[in-house]
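Visitor: My structure is below; once you've seen it, I'll send some questions.
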Amino acid sequence: MNAIFALTVPLLFLFSFGFALFRKVKLYDSFTEGMKRAIPLVVSIFPYIASVAMLTKLLEASGLETQITQAITPAFSLFGVPTEIAPLLFIKPLSGGGAISTLTDILQRYGADSYVARCACVAYGSSETIFYIGAVYFAGSKRKKLPLALAISVFSYLASVVLCCVLCRFM
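In my numbering, the protein residues as written are 17 to 187.
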C-alpha cells in the first residue's frame with residue numbers, strides 16, 4: 017500500500033507529461049512562459065511573507081509570546097480548552113514550523129493518548145497559518161479588506177478549537 021502512495025505523484029507527473037505530448041503541447045515553451053508569470057508574483061508576495069516571518073521571530077525572541085499566552089490561558093479554560101495547549105493555539109496562526117515544534121513538545125510531555133494531546137493534534141490539523149495565508153492571498157488581491165478577513169479567520173479558528181476540544185472529550 018505504501019508503494020502505491022509513493023508512486024502517485026511520479027505517476028501523475030508522467031501522465032501529465034504524456035498527455036501534453038499527445039496533445040502536441042510545446043512543454044518547454046509552456047514551462048518558461050509560466051515561469052515568466054511566476055517571478056512578478058513572487059516579488060509581490062515576498063514582503064508580506066518576510067514580515068510575517070519576522071514578526072513571529074520577534075514575538076518569540078522578545079518574550080511577548082509567553083506573556084500573551086499566559087494572558088489568554090484563562091479565556092481558554094473558560095471554554096473548556098486545556099490550558100496546556102495555549103502555546104500551540106497562539107503560535108499556529110503565525111508559524112507552521114513553530115506550531116509543529118510546540119505540538120511535538122506537547123506530545124512528549126503529556127503522551128500521545130492523553131486528552132491534551134488529542135486536543136492539540138485536532139486543533140493543529142484543523143487549522144492553518146492564518147497570517148501567512150492572508151499575506152499570500154492579499155498580496156495578489158485587488159481588494160484589500162485584510163482586517164475583516166483576519167478577524168473572521170481568527171474567530172473561526174478559535175471556534176473550531178473550542179469545538180474540537182468538546183468533541184475530543186467523547187473520543
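Backbone N, C-alpha and C define an ideal beta-carbon position, used for all residues, glycine too.
(1) Would you identify the three-state DSSP class for Pro-89, choosing helix, strand or coil?
(2) Enumerate in chain order the residues of its own chain whose CB-to-CB distance from Leu-43 is below 6 Å, with the five nearest sequence positions on each side excluded.
(3) For the stretch 91-117, which segments carrying the beta strand (DSSP E) assignment without a break, of at least 3 residues, lie completely within its bounds, in sequence order?
(4) Could you give the DSSP three-state label for Ser-32: helix, strand or coil?
(5) Below 7 Å CB to CB, which residues in the same chain sit around Phe-95 once its five sequence neighbours on both sides are set aside?
(6) Exposed or buried, which one is Thr-89 when buried takes at least 16 other CB atoms within 10 Å?
(7) Kindly indicate which residue of Gln-83, Gly-141, Glu-100, Leu-123 has the alpha-carbon position closest to the one of Pro-109.
(8) Measuring alpha carbon to alpha carbon, tell me which of Tyr-173, Ser-117, Ser-111, Gly-127 ends up nearest Lys-73.
(9) Within the 8 Å Cβ cut-off, does Ser-157 reach chain C?
(10) Assuming Cys-181 and Pro-98 are in contact, meaning their beta carbons sit under 8 Å apart, how far apart are those beta carbons, in whole angstroms?
Guide: By the coordinates alone:
(1) Translated into positions along the sequence shown, residue 89 becomes position 73. Here residue 89 turns out to be Thr, not Pro, going by the sequence shown. Of the three classes helix, strand and coil, the one that applies to Thr-89 here is helix, per DSSP.
(2) Here residue 43 refers to the residue found at position 27 of the sequence shown. Cβ contact annotation for Leu-43 (same chain, cutoff 6 Å, sequence separation greater than five): Ala-36, in chain order.
(3) At a cut-off of 3 residues, not a single continuous stretch assigned as beta strand (DSSP E) sits fully inside the stretch 91-117.
(4) Against the sequence shown, residue 32 aligns to sequence position 16. If DSSP states are grouped into helix, strand and coil, Ser-32 belongs with the helices.
(5) The residue labelled residue 95 in the question sits at position 79 within the sequence shown. Excluding residues up to 5 positions away in sequence, Val-178 lie with their Cβ nearer than 7 Å to the Cβ of Phe-95 in the same chain.
(6) On the sequence shown, residue 89 is found 73 positions in, with the first residue counted as 1. Buried is the call here.
(7) Position 93 of the sequence shown, counted from the first residue, corresponds to residue 109. Measuring from the Cα of Pro-109, the nearest candidate turns out to be Gly-141.
(8) Along the sequence shown, read from residue 1 onward, the residue named residue 73 stands at position 57. Looking from the CA of Lys-73, the closest CA among Tyr-173, Ser-117, Ser-111, Gly-127 belongs to Ser-111.
(9) Structure shown: chain C not included; a single protein chain is present.
(10) By one-based count along the sequence shown, residue 181 stands at place 165. By one-based count along the sequence shown, residue 98 stands at place 82. Indeed they touch by this definition, with Cβ atoms about 7 Å apart.
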